[in-house]
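Participant: Here the numbering used here is used: the first residue of the sequence shown is 20, the next is one more, and so on. Built from N, CA and C at the ideal position, the CB exists for glycine as well. Because the structure is a prediction, the values reported are computed rather than measured.
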Amino acid sequence: MEEESKQSLLPSSEPIREPSPSAAPDSKTSTPSAVTSHPSNHLAKEIKIWLPSENAQPAPRPVLGDEYFIPTAAEAQRAFSGQVASREKLTDAPMLTKSLREREQNQKKNEKLARFPITRVRIKFGDRSMLEGSLPSTCKISDVYQFVKESLLEDVRTKPFILYQTPPRREFLLTDPKTRSSNLLDLQLAPSSLLLIKFTDEAYNHSTKPPPLLPELLSAAQPLPPPPTFEAEKGGKQTGNTLEKGKQKVDDVLKSGAKVPKWLQNLKKK
């Protein structure tokens, strides 16, 4: 496995084209929130650099009792209806030929593409800073690699690296024909994804060193906004009211004599 990963880290043989002098960036048009003025061959837009916030801490999770997980009558009805619909779809659906099945899959894919035409990708470096860019969902993973390469310093662009997700670890290798031919939508990276970058040269993976990005990108870096906080007291009151209403609705359904599944009857016994 190690030999296969090392082979996949070989740098691309495609030469990196230098920008023409006529396309020189205008410093007056640059903004601190998005860097789009420097010329490039990649398809990424709305490029941003996010710095890790020193005070950023995960929001405290509210303490939920066992009663919180008791479903309301509406939730139980939706779950039961969903099971019935799924069973009927499997038993009553006509046999699909290969062409009809492919047509149905393409239709679902087109619907998803119409819903998520743009994919926001964040590349996380060793120091937890992130490079962000928005690409069309029809782009290949090679376009993401090209975006990252052109954002690196000139002397670092030839250094091999891989992009991956974790957990579980999922590497997007350009040497894999299936991965290379699939777009961001097929790879389930739309509408937004966080990818980690790993260089073969460990000097660029240190958590104490800044990412080897272009100076014009780093100059526009911003601290990552802190995660939202939750109001514990307000949330606790709402949770308590929801539980009381849910219990009352379950009692009403059981007392009405309506036919209900056994698992819903067991909820009342507990």
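At what residues does the beta strand (DSSP E) containing Leu236 begin and finish?
Facilitator: Where Leu236 is concerned, there is no enclosing beta strand (DSSP E), although the alpha helix (DSSP H) it sits in stretches over Pro234 to Leu237.
Participant: Quick check on DSSP: helix, strand or coil for Val140?
Facilitator: In this structure, Val140 counts as strand in the three-state DSSP scheme.
Participant: Report yes or no: do three or more beta-carbon pairs, one from the stretch 179–193 and one from the stretch 225–234, lie closer than 8 Å?
Facilitator: Cβ pair count under 8 Å is below three, so no.
Participant: For the beta strand (DSSP E) that Lys64 lies in, which residues bound it at each end?
Facilitator: Lys64 to Leu70
Participant: Using the Cα positions of Pro234 and Arg134, report the straight-line distance between them to the nearest angstrom.
Facilitator: Computed Cα separation, rounded: 35 Å.
Participant: Mind checking Phe88: buried by the 16 CB within 10 Å criterion, or exposed?
Facilitator: exposed
Participant: For the beta strand (DSSP E) holding Tyr223, just list the boundary residues, first then last.
Facilitator: Element bounds for Tyr223: n/a, residue is neither H nor E.
Participant: Considering only the alpha carbon of each residue, which of Thr157, Ala239, Pro246 and Ala222 lies closest to Lys178?
Facilitator: Nearest C-alpha to Lys178: Ala222.
Participant: From the DSSP output, which residues share a beta bridge with Gln207?
Facilitator: For Gln207, which the question treats as bridged, DSSP gives no partner whatsoever.
Participant: Out of Thr219, Asp146, Glu151 and Cys158, which one is the CA nearest neighbour of Asp205?
Facilitator: Cys158
Participant: Going by beta carbon distance, what residues of the same chain come within less than 6 Å of Phe218, once the five residues before and after it are set aside?
Facilitator: In its chain, beyond the 5 residues on either side, Lys178, Phe180 and Asn224 have a beta carbon closer than 6 Å to the beta carbon of Phe218.
Participant: Taking buried to mean at least 16 other C-beta atoms within 10 Å of its own C-beta, is Pro242 buried or exposed?
Facilitator: exposed
Participant: Nearest-angstrom Cα distance between Leu215 and Asn60?
Facilitator: 22 Å
Participant: Can you list, in chain order, the stretches of the beta strand (DSSP E) that have 3 or more residues and sit fully within the stretch 100–163?
Facilitator: 137–143 and 149–155
Participant: Got a sec? Which residues, its chain only, sit under 6 Å from Val167 by beta carbon, not counting five neighbours each side?
Facilitator: Ile142
Participant: So which of Leu119, Ser170 and Arg188 has the shortest CA-CA distance to Met149?
Facilitator: Ser170
Participant: Could you check what DSSP says for Arg189 in three-state terms: helix, strand or coil?
Facilitator: strand
Participant: Skipping 5 residues on each side, what residues in its chain have a beta carbon closer than 6 Å to that of Arg147?
Facilitator: Pro71
Participant: Just to confirm the assignment, what range does the alpha helix (DSSP H) spanning Pro196 have?
Facilitator: Pro196 to Ser200
Participant: Give me the residue from Pro231, Leu192, Asp195 and Pro155 with the minimum Cα distance to Val175.
Facilitator: Pro231
Participant: At what residues does the beta strand (DSSP E) containing Leu182 begin and finish?
Facilitator: Unbroken beta strand (DSSP E) run through Leu182: Phe180 to Gln184.
Participant: What did DSSP end up calling Ile89 once you bin it into helix, strand or coil?
Facilitator: coil
Participant: Could you check if Val140 is buried or exposed, using at least 16 other CB atoms within 10 Å of its CB as the buried criterion?
Facilitator: Around the beta carbon of Val140, 16 or more other beta carbons sit within 10 angstroms, so the residue counts as buried.
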